[in-house]
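So that you can map any letter, position 46 of the sequence shown is 218 in our numbering, and since no number is skipped, the others follow by simple counting.
Quick reminder that beta carbons are idealized off the backbone N, C-alpha and C, glycines included.
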Amino acid sequence: MDNQDSYQHMLAAVQQFHDKHDFKQTGGEELIYRIALMAEELGEMSACVTKGKPASELAEETADVLILLMGTAIAADFDLKQAFWDKMKKLDQRESRIIDGRIRVSEFRNI
Ligand SMILES: [Mg+2]
């Protein structure tokens, strides 16, 4: 399968990366460690924005986050594609409000 738009193809590449480095047996799939790595990469995304770096650098750091997210789905054994569509369905039902000049889409419980 060579379709780069295919989620399955992307997931297979991440699985191959995990297998190459034996993440399952070497701590690479421990969820707490993965959360720390994702926080680190989010910080790198943040620095791209706050330091005015080019979009190409932001794209690379965002890809790091996406790869980690997909790998976390592998590590925790859930179907991220299904979770994505389930959540999009929920988000589509939510209302939006402008708060402090920015749009917020939320359930707005008890507000
Ligand atoms: Mg990075």
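Cut-off 7 Å between Cβ atoms - residues of its own chain near residue i, not counting five sequence neighbours on either side
i	result
Arg266	Val277, Ser278 and Glu279
Asn175	His181
First through last residue of the beta strand (DSSP E) which encompasses residue i
i	result
Ile270	Glu267 to Ile271
Arg281	No beta strand (DSSP E) contains Arg281, which DSSP labels as neither H nor E.
9 Å Cβ cutoff met for residue i and residue j
i	j	result
Leu203	Ala247	yes
Leu214	Val186	no
Leu183	Lys259	no
Met217	Glu233	yes
Ile239	Phe189	yes
Residue range of the alpha helix (DSSP H) that includes residue i
i	result
His190	Tyr179 to Lys192
Could you tell me which whole alpha helix (DSSP H) segments of length 4 or greater appear in the stretch 200-234?
203-222
Decide yes or no for the touch test of the stretch 193-211 against the stretch 225-245: beta carbon pairs closer than 8 Å, at least 3 of them.
yes
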